[in-house]
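Student: My questions all concern the structure below.
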Amino acid sequence: METTAGQIAIGTARLSLWERFARWRQRNRQPLEGWLILTPILAYYSLFFIFPVVADLYISFTRWTGIVGKPVWVGLANYKTWFSGYYLLILFNTLLFTVTILSLSTIIAFFIAVLLNQKVIGRGLFRALWYIPTLTSAAITAQVMFIFISPYDGVFNAILKALGRPIVIWPLNAFWMRTFIILFSVWRGVGGPVVLFLAALQGIHPEIYEAAMVDGANSWDLLWRITFPLLRPMLIFVLITGTIGGFQIFETVMLITAGGQFNVASSGGPRNMTNVILLQIYKDAFVNNNLGPAAAGSIIAAILLLWFTTTNMRIMSRGQVEK
Amino acid sequence: MRRRFTFGRFLTYAVLIIGSVVMAFPMAYAFSGSLCDLEDFYAHPWFPTPSKLYLENYRILFSAKFTSQVEIWRWIANTLVRIAWYTLIPGIVAVLAGYVFARLRFRGRDAAFMYLLSSMMIPGIVFLIPTFVMMARWPGVGGNDWRGQGGRGFLDSWPALLIPGLVNVYYIFMLRQTYYSIPMDFEEAARVDGASTLRCLKDVYLPMLKPVLTVLVIFQFVAIWNDYQWPLIVSSGNKKIWTLALGFQQMLFVGASYKGYPPGSAVVDYPFSFAMAIIATVPLILLFLGLQSYFVEGVQGFAIKG
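Chains as they are written, first to last, in numbering that gives the first Met the number 0: chain P, 0 to 322; chain S, 0 to 305.
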């Protein structure tokens, strides 16, 4: 870069092969470095991300134990399974859990982050308290939290008894089991969005607010006309990751509904009213050794998710156009 | 104006305090419960309060008799190995690939980026079955022939716990966005001084990427520490390579047999399982509290300097 005209003149006069290579390397530095870095990443990615998708698609049209023998082509049979009987209920449950958990935790997280972004005393402590549930293991806490809904010695029933109300046999009550799973998931999941929103909020320059206040905006205007639009990228991120997470709710349902004990066969109850896609996939693949329906379930989940997230983004960007 | 302001402040604190109490209640319940013996625990169904300090639940967890049968130290060590591996490799990959996508210009770059992004919309569920089959049918290992038949492949052995998930598209995306938010001037100044790409990455970008890398480390640490499903699927048969979440989950309710209750009795020792849950959670809480100030400082400093 710092070469003078004189040097170039001498350089072009007699170029050794090495010099020419060095020049060529210098000129193509960006593609060379780019492909040097990307090649191993793309190779690994093709083997562990693209190939599995193709394989999964193939398995979904077959009957296969995965242990011995070859997959047997069965056409759409596995997909028909997913759209009949209690499998439909499983799809419904997954959508129900995803929508309720995601909307509750996003709304709560947004307002908590806005509150925490003010000059509050003990902000660190509050944020830690909101984030700590996210740190806990879903597998361990889900099983331990069964104490809250245990029919005989549980906390909620103790409260009901103290209020003179009839007790609820939680594991047999679909409504309350669903509610408990939703509450548990919001409790465990809301901390991440709080931290993310708060980080995004703290990235907003105070001058923007000051300028708006000079222009006569009230705090409601500040929230909806400055904070919210500036948080939109983070909001999209939270919504998409949240949807993907919600579709793959697994340990929570399996271990809460297995009655505090490890019994996969009875999980998702009562009568599949809390069963979700991933739990059924797990049961089909690893309990019943039936990979076909499991693979079909994952493809269905992926398609639903794609539809969900694109709708999500369309709605979000529609808001952007209006501004 | 002034009155509304104070009322707003009051409301802010009220919401924050009530919300935080609700959020803290389950873990506080578990912690307090872990300090109870069974009588105390069942005497206070609303909130277990120990009448005397009872540390037996924790003592059992670290007693020689327990650890010789339930190898919790090994599970913790296994988990730490996985954490080191799964922060280092995806972190390096994200730093390098993020740089490529944000800073280098060449033909095919955007196609490669779209290729990577194409899996972002595909949920992990889709990878579960084929990746399991790949591990089980990996040619030439674990008694498998070259066609992957006959043996168990990588199942119940270490590679199954270390091979998948080394490229994380989220982190690549996150790093790319962060590079975009850093002005080009820094790199250009270093280039003028003759710095190579690696040197730019190390000396120019790495210090500025600290906040986002801290986020990456925290998230990976927590994710691997709590990783349950994949170890459950590929390592259930080999207790030696169990990780913490799997091992603890399987052993949560064995406490009663160490307190003199006959084996197979119907006593569910909740206080003991609370102690296990607390032990499994405390390192993460300490990590978060320790890094929180750094985290905040990083994010804020980033916002001001950037």
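Just so it is clear, CB atoms sit at the ideal spot from N, CA and C, and this is done for glycine as well.
Would a check of beta-carbon distances place Met120(S) closer than 8 Å to chain P?
Tutor: True, the Cβ-Cβ gap to chain P drops below 8 Å.
Student: Looking only at C-alpha atoms, which of Lys282(P), Thr251(P), Val286(P), Ala108(P) sits nearest to Leu200(P)?
Tutor: The option with the nearest alpha carbon to Leu200(P) is Ala108(P).
Student: Hey, which unbroken runs of the alpha helix (DSSP H) at 4 residues or more fall wholly within the stretch 22-49 of chain S?
Tutor: The stretch 22-49 of chain S contains these whole alpha helix (DSSP H) runs: 37-42.
Student: Got a sec? Which residues, its chain only, sit under 7 Å from Thr97(P) by beta carbon, not counting five neighbours each side?
Tutor: If we look at Thr97(P) and ignore the five residues flanking it on each side, its Cβ neighbours are Thr242, Gly245, Phe246.
Student: Please report whether the beta-carbon of Ala15(S) lies at a distance below 8 Å from any beta-carbon of chain P.
Tutor: The sequence given here has Leu at residue 15(S), not Ala. Yes, Leu15(S) lies at the interface with chain P (some Cβ there is under 8 Å from its Cβ).
Student: Count the C-beta pairs between the stretch 18-34 of chain S and the stretch 123-141 of chain P that are closer than 8 Å, then say yes if the count reaches three, no if not.
Tutor: Touching, per the Cβ criterion.
Student: Counting beta carbon pairs with one atom in the stretch 122-135 of chain S and one in the stretch 200-210 of chain S, are three or more of them shorter than 8 Å?
Tutor: Counting Cβ pairs under 8 Å, fewer than three are found: no touch.
Student: Leaving out five residues before and five after Phe65(S) in sequence, what residues of the same chain have Cβ atoms less than 7 Å from its Cβ?
Tutor: Around Phe65(S): Ile59, Tyr257.
Student: Just to make sure I have the definition right: I need the residues of chain S whose C-beta is within less than 8 Å of the C-beta of Phe249(P). Which are they?
Tutor: The answer, in chain order, is Gln228.
Student: Mapping DSSP to helix, strand and coil, what is Thr253(S)?
Tutor: The question names Thr, yet the displayed sequence has Val at residue 253(S). Val253(S) falls in the coil class under three-state DSSP.
Student: With distances taken between CB atoms, is the gap from Val194(P) to Pro44(S) smaller than 8 Å?
Tutor: Against a cut-off of 8 Å, the Cβ pair of Pro44(S) and Val194(P) comes out as no contact.
Student: Measure the alpha-carbon distance for Phe183(P) versus Ala141(P) and round it to whole angstroms.
Tutor: If I take the Cα positions, the gap works out to 8 Å.
Student: Who are the near neighbours of Thr251(P) in its chain, counting only those whose CB is closer than 8 Å to its CB and skipping five residues on each side?
Tutor: For Thr251(P), where only same-chain residues beyond five positions count, the Cβ hits under 8 Å are Ala137, Ala141, Ile180, Phe183, Ser184, Arg187.
Student: Going by the CB atoms, is the gap between Tyr78(P) and Ala293(P) shorter than 8 Å?
Tutor: For Ala293(P) and Tyr78(P), no; Cβs fall outside 8 Å.
Student: Hey, would you say Ala93(S) sits closer than 8 Å to Leu215(S), going by beta carbons?
Tutor: Yes; because the gap between Cβ atoms is below 8 Å, this pair is in contact.
Student: By alpha-carbon positions, which one of Leu230(P), Ser45(P), Asn172(P) ends up nearest to Leu165(S)?
Tutor: The option with the nearest alpha carbon to Leu165(S) is Ser45(P).
Student: What does Ala276(S) touch in chain P if you count any residue whose Cβ is under 7 Å from its own?
Tutor: Near Ala276(S) (Cβ distances below 7 Å), the residues of chain P are Ile139, Thr140, Val143.
Student: Please report the distance separating the alpha-carbon of Ser67(S) from that of Ser31(S).
Tutor: C-alpha separation (whole angstroms): 27 Å.
Student: Where does Ser15(P) fall in DSSP's three states?
Tutor: In this structure, Ser15(P) counts as coil in the three-state DSSP scheme.
Student: Give me the Cα-Cα distance between Gly259(P) and Ile284(S), rounded to the nearest whole angstrom.
Tutor: No answer about Gly259(P) holds up, because its pLDDT of 49 lies below 50 and its placement is not dependable.
Student: Could you name the residues of the same chain whose beta carbon sits closer than 6 Å to that of Leu88(P), not counting the 5 residues immediately before and after it, in chain order?
Tutor: Once the five neighbours on either side are set aside, the close Cβ partners of Leu88(P) are Asn271.
Student: Taking Lys79(P) as part of the alpha helix (DSSP H), name the residues at either end of that continuous run.
Tutor: 76-81 is the span of the alpha helix (DSSP H), which, as asked, contains Lys79(P).
Student: Just to confirm my understanding: we take Gly291(P), look at its own chain, exclude 5 residues before and 5 after, and list those with CB closer than 7 Å. What are they?
Tutor: The answer, listed in chain order, is Ile58, Ser59, Thr61, Arg62, Trp63, Val73, Asn77.
Student: With 7 Å as the limit, tell me which residues of the stretch 197-227 of chain S have their beta carbon closer than that to any beta carbon of chain P; keep them in chain order.
Tutor: Hits within the stretch, in order: Val221, Asn225, Tyr227.
Student: Scan the stretch 214-295 of chain P and note each continuous alpha helix (DSSP H) run of 4 residues or more that stays entirely inside, going in chain order.
Tutor: Correct list: 227-246, 250-256, 276-281.
Student: Measure the C-alpha to C-alpha separation of Val281(S) and Pro192(P) and round it to an integer number of angstroms.
Tutor: Each residue's alpha carbon lies about 21 Å from the other.
Student: Flag Gly33(P) as yes if its beta-carbon sits less than 8 Å from any beta-carbon of chain S, otherwise no.
Tutor: Yes, Gly33(P) lies at the interface with chain S (some Cβ there is under 8 Å from its Cβ).
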